[in-house]
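Residue numbers (the working numbering), protein chains in the order written: chain A, 3 to 254; chain B, -2 to 213.
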Amino acid sequence: MPLAKRIIPCLDVDQGRVVKGVNFVNIRDAGDPVEVAKRYNEQGADEITMLDITATHEGRGTMLETVSAIAGQVFIPLTVGGGIRTVDDIRAMLNAGADKVSINSAAIFNPDFVKQASERFGAQCIVVAIDAKRVDDHWEIFTHGGRKPTGIDAVGWARKMEAYGAGEILLTSMDRDGVKSGFDLELTRAVADAVTIPVIASGGVGTLEHLAEGINQGHADAVLAASIFHFGEFSIAQAKEHMHSRDIEMRL
Amino acid sequence: MSKHLLTIIDYGMGNLHSVAKAFEHVADNFQIEVTSDRARIAEADHVVLPGVGAIRDCMAEIRKQGVDTVVAENLSAGKPFLGICVGMQALMKHSDENNGVACLGHFDGAVRQFPKDLTDAHQLPMKVPHMGWNNVEQTVEHPLWHGIVSDSRFYFVHSFYVEPHADYTAGRCQYGPEFAAMIYRDNLFATQFHPEKSHTSGLQLLKNFTRWNGAL
C-alpha cells in the first residue's frame, strides 16, 4: 500500500482566535485554536497548519503559547507560519512544539535565509509558502496578502526554493483563496511537476471534489483547506472518504 | 513511590520537545527529562536517542559530546533504549548521506538514499523526502507492537533509509525500495518513523516502550 496523500486543515489565527476571511477580508471568528486543532485531530487530520495572519511582534507570545498548548495535546505534525523571519523565530516555534515552520515573505526578501534555516534545522522542518496569482500566461508571486507583485515567476521560484533546501512547498492561489471555486489546478500541476519535494495545494476549496481534484489533476501530495472544515460543512472523515472513493490512497 | 526516569538525549540536534510531550501524555508515572547530562542519563530507567537533520552533523555532535559512549554504556546496562529517525540511522554501521559517514555500528547494515527516479502507480514521479503516513508491516512479534495491528500507518519524513535485514528488521515499509521501518536487538529498538507524531498508533508504541523492561 503506498504513501497516503494528506489532508491538512489550516487554522488562520489572529490574537489567539481562529479566523477566516474571504479574499483576506470579512474575517469570521471560528473558535479557540486548541479546541479546533483537537477536533481535527480526532477527525483524522493528517497534519495541522496554523498561520498567524497578523504576525505582529506583540502577538508572538500568544502564538507561542497556542503552539505549546496544541503540541501538548495533538500528536500529529504541526506546521506554524506567519512572520517567521529569523533563525531565532524558528527555534522559538520548534521549542514551543511546532514540527515545521512555514517561511513566506522572508524567503523573498532574503532567499539565503531558507538555506541557513535548512542547514540549521533540517529540510524536513522547512516549508516555503508561495502565494501566487495568474498574470497573463504565467503565475507570479505576490506578498502582503496578495496586494504586492514581486515580478517573480512562481514555478521558477519553487525550483529555486527546492535547491535552497526547502523540504516542502505550500502553494496558495491568491486568485482562489477564500472563493470556494476549487484550486487553481494548472498552477498546482505546474509547480508539483517542477519539483521533487512534496507540494501542498491551497486556496479555493469549496467542495470535497475540489480536494480530490488537487491530487488527481493538480498532482499535489497534500491538500489544505480551512473554511469547509471550520464551519462544520464537512468533517475531515467525510473528506477522506470522498477522496478514497476517487482512488486516492488515504489514511482512513 | 517515586517516578521512573526516562531521559531523552539532547545533543543539540533537532526538536526534542515533541518527543517529550508525547511521553508525558502517555506515561504519567514517568519523569521525562531532555538532557545531555551523562550522570543523569546513567540514572535513567529508559533512554531515548532522537535525531533530525543531516547525519554528518548528527554524528559529529554525537562524537564531540561523547554520546557514542553514553549510548554504548546504557545499552550494555540492559536498559530499554529507543532510537527515533536519524537516531535510528546513527545506530547503523554506515550512511551514504553527505558522501558517506561512519555511524555507531550497533547494527551491521547501511543507510541508503531513495533513488530520484521513482514513479508511482500512475507513472508520476515520487517525491523525496518520503513524507507522510505509510503502512508498517510487522515482521516479528515484539513487546513494542502490543495493541498495534500490522500495516498501521505511521508518520515518516526522511530521504535516506535503512536497508532491511532479517536479523534486525521488526517492521518494514515500502516507498520504491522496501526498507526497515523498525529495527531491534535485545533491549534496543529504533523506528524510522516518528511515533510522537503518529497519533494513536504512535502513542501506543511509546506507551509500550515505557512498559517494556528490555527483555524479548
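For glycine and all other residues, C-beta sits at the position ideal for the given N, C-alpha and C.
Remember, it's a predicted structure, so these values are computed and weren't measured experimentally.
- Task: Provide the residue span of the beta strand (DSSP E) that contains residue 129 of chain A, from first to last.
- Result: In the first sequence, counting from the first residue as 1, residue 129 of chain A sits at position 127. Looking at the DSSP string, the run of the beta strand (DSSP E) that includes residue 129 of chain A is 128 to 137.
- When DSSP builds the beta bridges, which residues end up paired with residue 122 of chain B? In the second sequence, residue 122 of chain B corresponds to position 125, counting from 1. Bridge partners of residue 122 of chain B: B:116.
- Beta-carbon separation (whole angstroms), residue 49 of chain B vs residue 16 of chain B, contact threshold 8 angstroms: Position 52 of the second sequence, counted from the start, is the residue given in the question as residue 49 of chain B. Position 19 of the second sequence, counted from the start, is the residue given in the question as residue 16 of chain B. No, residue 49 of chain B and residue 16 of chain B are not in contact; Cβ-Cβ is about 10 angstroms, not under 8 angstroms.
- Item | CB contact below 8 angstroms: residue 8 of chain B versus chain A | Along the second sequence, read from residue 1 onward, the residue named residue 8 of chain B stands at position 11. No, residue 8 of chain B lies away from the interface with chain A (no Cβ there is under 8 angstroms from its Cβ).
- Query: Quick one: is the Cβ of residue 140 of chain A within less than 7 angstroms of any heavy atom of the ligand NAD?
  - Reply: With respect to the ligand NAD, the structure shown offers nothing to examine, as it has no ligands at all.
- Within its chain, find whatever has a CB closer than 7 angstroms to the CB of residue 118 of chain A; leave out the 5 residues flanking it on each side and keep chain order. Residue numbering aside, residue 118 of chain A sits at position 116 when the first sequence is read from its first letter. 89.
- Local Cβ density within 10 Å of residue 71 of chain B, reported as buried at 16 or more and exposed below that: By one-based count along the second sequence, residue 71 of chain B stands at place 74. The residue is buried, with at least 16 neighbouring Cβ atoms inside 10 Å.
- Beta-carbon separation of residue 111 of chain B and residue 127 of chain B under 8 angstroms? Your numbering for residue 111 of chain B matches position 114 in the second sequence. Your numbering for residue 127 of chain B matches position 130 in the second sequence. Contact: yes.
- Message: Strictly below 7 angstroms CB to CB, what residues from chain B border residue 200 of chain A?
- Response: In the first sequence, residue 200 of chain A corresponds to position 198, counting from 1. Near residue 200 of chain A (Cβ distances below 7 angstroms), the residues of chain B are 124 and 128.
- Message: Within 8 angstroms of any Cβ in chain B, is that where the Cβ of residue 170 of chain A sits?
- Response: One-based indexing of the first sequence puts residue 170 of chain A at position 168. Residue 170 of chain A counts as touching chain B.
- Item | Range covered by the beta strand (DSSP E) that runs through residue 8 of chain B | The count along the second sequence starts at 1 and reaches residue 8 of chain B at position 11. No beta strand (DSSP E) holds residue 8 of chain B; DSSP gives it neither H nor E.
- Query: By Cβ distance below 7 angstroms, which residues in the same chain neighbour residue 161 of chain B in space, the five residues on each side in sequence not counted?
  - Reply: Sequence index remark: in the second sequence, residue 161 of chain B carries index 164 (1-based). For residue 161 of chain B, where only same-chain residues beyond five positions count, the Cβ hits under 7 angstroms are 169, 175, 176 and 177.
- Would you verify that the beta carbon of residue 58 of chain B is, or is not, closer than 8 angstroms to some beta carbon of chain A? Position 61 of the second sequence, counted from the start, is the residue given in the question as residue 58 of chain B. No, its Cβ sits nowhere closer than 8 angstroms to a Cβ of chain A.
- Proximity winner among B:207, B:166, B:186 and B:197, relative to residue 135 of chain B (alpha-carbon distances): Within the second sequence, the letter at position 138 stands for residue 135 of chain B. Looking only at B:207, B:166, B:186 and B:197, the smallest Cα-Cα distance to residue 135 of chain B is reached by B:166.
- Message: Please list the terminal residues of the continuous beta strand (DSSP E) segment that includes residue 30 of chain B.
- Response: As a working mapping, residue 30 of chain B is identified with position 33 in the second sequence. Note, residue 30 of chain B: beta strand (DSSP E), 27 to 32.
- Query: Alpha carbon to alpha carbon, how far is residue 144 of chain A from residue 163 of chain A?
  - Reply: Reading the first sequence from its first residue, position 142 is the one you call residue 144 of chain A. Reading the first sequence from its first residue, position 161 is the one you call residue 163 of chain A. Taking the straight line from one Cα to the other gives about 16 angstroms.
- Task: Check distances from the C-beta atoms of the stretch 221 to 232 of chain A to those of chain B and list, in chain order, the residues that come in under 7 angstroms.
- Result: Interface annotation for the stretch 221 to 232 of chain A against chain B: 221 and 223, criterion Cβ-Cβ distance under 7 angstroms.
- Message: Rounding to the nearest angstrom, what Cα-Cα distance links residue 141 of chain A and residue 201 of chain A in this structure?
- Response: Your numbering for residue 141 of chain A matches position 139 in the first sequence. Your numbering for residue 201 of chain A matches position 199 in the first sequence. Rounded to whole angstroms, residue 141 of chain A to residue 201 of chain A spans 16 angstroms at the Cα level.
- Task: Reducing DSSP to helix, strand and coil, say where residue 219 of chain A ends up.
- Result: In the first sequence, residue 219 of chain A corresponds to position 217, counting from 1. For residue 219 of chain A, the secondary structure class from DSSP, reduced to helix, strand or coil, is coil.
- Identified DSSP bridge partners for residue 45 of chain B: One-based indexing of the second sequence puts residue 45 of chain B at position 48. Bridge partners of residue 45 of chain B: B:5 and B:79.
- Message: Within a Cβ cutoff of 6 angstroms, which residues of the same chain sit near residue 32 of chain A, ignoring the five residues on either side of it in sequence?
- Response: Walking along the first sequence from the start, residue 32 of chain A turns up at place 30. 20, 22 and 232.
- Shortest alpha-carbon distance to residue 182 of chain A belongs to which of A:226, A:155 and A:171? For the purposes of this step, residue 182 of chain A is identified with residue 180 of the first sequence, where counting begins at 1. Nearest option by C-alpha distance: A:226.
- Message: Please report the distance separating the alpha-carbon of residue 94 of chain A from that of residue 197 of chain A.
- Response: Numbered from its first residue, the first sequence carries residue 94 of chain A at position 92. Numbered from its first residue, the first sequence carries residue 197 of chain A at position 195. Those two C-alpha atoms are separated by around 29 angstroms.
- Which of helix, strand or coil does DSSP assign to residue 173 of chain A? The residue given as residue 173 of chain A occupies position 171 in the first sequence. Note: residue 173 of chain A maps to strand in three-state DSSP.
- Would you mind working out which of B:5, B:198, B:96 and B:62 sits nearest residue 142 of chain B, comparing C-alpha positions? For the purposes of this step, residue 142 of chain B is taken as residue 145 along the second sequence, with counting starting at 1. It is B:198.
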